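Undergrad: My structure is below; once you've seen it, I'll send some questions.
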Amino acid sequence: MKVKLLDLTAQYVKIRNEVMEAVAEVFESQYFILGPKVAELEKRVAEYCGTKDAVGVASGSDAILLCLMALGIGTGDEVITTPYTFFSTVSSITRLGARPVFADIDPETYNIDPSAVTNAITDRTKAILVVHLYGQTADMDPILKAAGTSGIPVIEDSCQAIGAEYRGRRAGSMGLAGCFSFFPSKNLGGAGDGGMITTGDEELAEHLRRLRNHGGRERYCHDEVGINSRLDAVQAAVLLVKLRYLDAWSDGRIGNAARYDEVLGCIDGIATPVVSEENRHIYNQYVIRVPRRDELRSFLQDSDIGCEIYYPVPLHLQKCFSFLGGAEGDCPEAERAALETLALPVFTELTPEMQEYAAGKIAEFYRPDGSE
Ligand SMILES: *Cc1c(COP(=O)(O)O)cnc(C)c1O
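Following this line, the structure appears as structure tokens:
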């Protein structure tokens, strides 16, 4: 048996006709950039996330960059964030000449630790960029409280967490703005790159609409410098089709996660994901913490089971950020997670047979003699 980490074809074949019809409609209209499809998707995503507005952009990375640009963040400013995330969370900060200040993670959820955030606040802190890693929101209440006290805006990197909930609130609706990615491997993935920013602040939304289109107020009149980061109509058309299935797909992932929890949770040494009862984890990734991680990874790969390390090098230790002076030991929990965690296949269409095979191989690795 072969089990991929993610099988997008298994999803596509079920919605092929709808997707192709929606794409054909865009081609017939020859309206490719922004336009009515993008406006409709913005409306639907805002509704889905529980925000007033949403702004379609070219990628999740641009969504983060544009939010920081809109806040006027630049040289000398500090942005508090996590070292244990996808690269562009942090590169968006350094691209603007600002300084990422790393707050270590909670070892159970792998999300930024609220007390580390509080300790990192200085009078140069211009934003807190929280990441909802793997599909589970960070512990937002204490972070929002600390930020509120100091008057610091909170941006939610929700690229892995569309539809995730924290005490009844959706990812992207708790801070000033939420950043989403439609990279094909996300729970809501497009047919290429795409992204969205959700916000309840209408002025910010209008500002972001200008910034994504070169900063112009009207055509060829620029009060400030923006970028070209528009969402295209083909992406919006595909995403509008897929958005209708998103909750069912995420529920499928949640079901798969529950089955892994049951089987893997009773193997000595394996830490399955920790989720608070009040929260909805949408499992963009199902990540376990294990002893002998690299050996397990090779064993699974040899057994044709896809698995991956997210992320092997914490960002404070990346070469390109060495000018920040980060060193080993700065964020011990992020460093330990980078050595001990492994993502398993959890996609919606994973069959019970595939899952049994994958879980069985993991059990075999830790109990070679078949003991209980
Ligand atoms: C995917 C992702 C991004 C970047 O999104 P792109 O659309 O690929 O630019 C940023 N942050 C996190 C946490 C992500 O998972």
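Following the working numbering, the residues of the sequence shown are numbered contiguously, the last one being 1343. Here a beta-carbon is modelled for each residue, glycine too, at the ideal position from N, C-alpha and C. Small disclaimer: the values here were computed from a predicted structure and weren't measured.
Any heavy atom of ligand 1 closer than 7 Å to the CB of Thr-1312?
TA: It does not: the Cβ of Thr-1312 is nowhere closer than 7 Å to a heavy atom of ligand 1.
Undergrad: Does DSSP classify Asp-1218 as helix, strand or coil?
TA: helix
Undergrad: Any idea if Ile-1114 is buried or exposed, counting beta-carbon neighbours within 10 angstroms, 16 or more meaning buried?
TA: buried
Undergrad: Rounded to whole angstroms, what's the CA-CA distance from Glu-1344 to Gly-1043? Just pull it up for me.
TA: There is simply no residue 1344 to check, as the chain begins at 972 and stops at 1343 in what is shown.
Undergrad: Using 8 Å as the Cβ pair cut-off and three pairs as the minimum, do the region 1228–1244 and the region 1289–1298 touch?
TA: Taking 8 Å as the limit for Cβ pairs, the verdict is that the region 1289–1298 does not touch the region 1228–1244.
Undergrad: Does any heavy atom of ligand 1 sit closer than 7 Å to the C-beta of Gln-1131?
TA: yes
Undergrad: Rank Asp-1084, Gly-1047 and Lys-1213 by C-alpha distance to the C-alpha of Arg-1015 and give the top, closest one.
TA: Lys-1213
Undergrad: Among all the DSSP beta bridges, which residues are the ones paired with Asn-1199?
TA: Residue pairing from DSSP places Asn-1199 in a beta bridge opposite Asn-1184.
Undergrad: So, under 8 Å CB-CB, Leu-1037 and Val-1028 are touching, yes? Tell me the CB distance rounded to an integer number of Å.
TA: 6 Å
Undergrad: Looking at ligand 1, does it come within less than 7 Å of Thr-1056, judged from the CB to the closest heavy atom?
TA: Thr-1056: yes, Cβ under 7 Å from ligand 1.
Undergrad: How is Phe-1057 classed by DSSP in three states: helix, strand or coil?
TA: It is coil, neither helix nor strand.
Undergrad: Is it buried or exposed, Thr-1170, if we count other Cβ atoms within 10 angstroms and call 16 or more buried?
TA: With 16 or more other Cβ atoms within 10 Å, it is buried.
Undergrad: Look at Ser-1063 and Ile-1035 and say whether their C-beta atoms are less than 8 Å apart.
TA: yes
Undergrad: Quick one: what does DSSP say Glu-1127 is sitting in, helix, strand or coil?
TA: strand
Undergrad: Nearest CA to the CA of Ile-1333: which residue from Asn-1199, Val-990, Asp-1275 and Glu-1304?
TA: Comparing Cα-Cα distances from Ile-1333 to each of Asn-1199, Val-990, Asp-1275 and Glu-1304, the minimum goes to Asp-1275.
Undergrad: I need the boundaries of the beta strand (DSSP E) containing Tyr-1257, first residue and last residue.
TA: 1257–1260
Undergrad: Per DSSP, Tyr-1137 is paired with what?
TA: Arg-1140
Undergrad: Excluding the 5 residues flanking Ser-1059 on each side, which residues of the same chain have their C-beta closer than 6 Å to its C-beta?
TA: Ser-1032
Undergrad: Straight-line CA distance for Asp-1194 to Gly-1139?
TA: 40 Å
Undergrad: Within its chain, find whatever has a CB closer than 6 Å to the CB of Pro-1078; leave out the 5 residues flanking it on each side and keep chain order.
TA: Close CB contacts of Pro-1078 within its chain, under the 6 Å cut and outside five residues either way in sequence, are with Glu-1304 (chain order).
Undergrad: Output yes if chain B places a C-beta closer than 8 Å to the C-beta of Asp-1194; else output no.
TA: No chain B appears in this structure, which consists of one protein chain only.
Undergrad: Under the DSSP definition of a beta bridge, which residues are partnered with Ile-1168?
TA: Val-1026 and Cys-1150.
Undergrad: Quick one: is Gly-1236 buried, meaning 16 or more other Cβ sit within 10 Å of its Cβ, or exposed?
TA: exposed
Undergrad: Comparing the CB of Phe-1154 with every heavy atom of ligand 1, is any distance shorter than 7 Å?
TA: yes
Undergrad: Starting from Val-974, follow the alpha helix (DSSP H) in both directions and report where the run begins and ends.
TA: Segment: none, Val-974 is in no alpha helix (DSSP H) and carries neither H nor E.
Undergrad: Taking just the CA atoms, how far does Asp-1128 sit from Glu-1011?
TA: 22 Å
Undergrad: From Gly-1161, Thr-1053 and Met-1040, pick the residue whose C-alpha is nearest to that of Ala-1069; which is it?
TA: Selection Gly-1161, Thr-1053 and Met-1040 evaluated against Ala-1069 yields Met-1040 as nearest (Cα-Cα).
Undergrad: Which residue wins for smallest C-alpha separation from Gly-1006, given the options Ile-1092, Val-974, Arg-1201 and Phe-1153?
TA: Nearest C-alpha to Gly-1006: Arg-1201.
Undergrad: Do Val-1209 and Gly-1166 have their C-beta atoms closer together than 8 Å?
TA: no
Undergrad: Regarding Ser-1200 and ligand 1, is the C-beta to nearest heavy atom distance less than 7 Å?
TA: no
Undergrad: Check whether the Cβ of Lys-1032 lies closer than 7 Å to any heavy atom of ligand 1, and answer yes or no.
TA: The sequence as given places Ser at residue 1032; Lys does not occur at that position. Checking every heavy atom of ligand 1 against the Cβ of Ser-1032, one is found closer than 7 Å.
Undergrad: Which one of Ile-1253, Arg-1180, Gly-1240 and Asn-988 has the shortest CA to CA distance from Asp-1218?
TA: Ile-1253
Undergrad: Put Ala-1314 into one of helix, strand or coil per three-state DSSP.
TA: strand
Undergrad: Give the DSSP bridge partners of His-1193, in chain order.
TA: Gly-1187
Undergrad: Measuring alpha carbon to alpha carbon, tell me which of Ala-1098, Ala-1135 and Val-1072 ends up nearest Asp-1301.
TA: Of the candidates Ala-1098, Ala-1135 and Val-1072, the one whose C-alpha sits nearest the C-alpha of Asp-1301 is Val-1072.
Undergrad: Can you tell me whether Ala-1135 is buried or exposed, with buried defined as 16 or more other CB within 10 angstroms of its CB?
TA: buried
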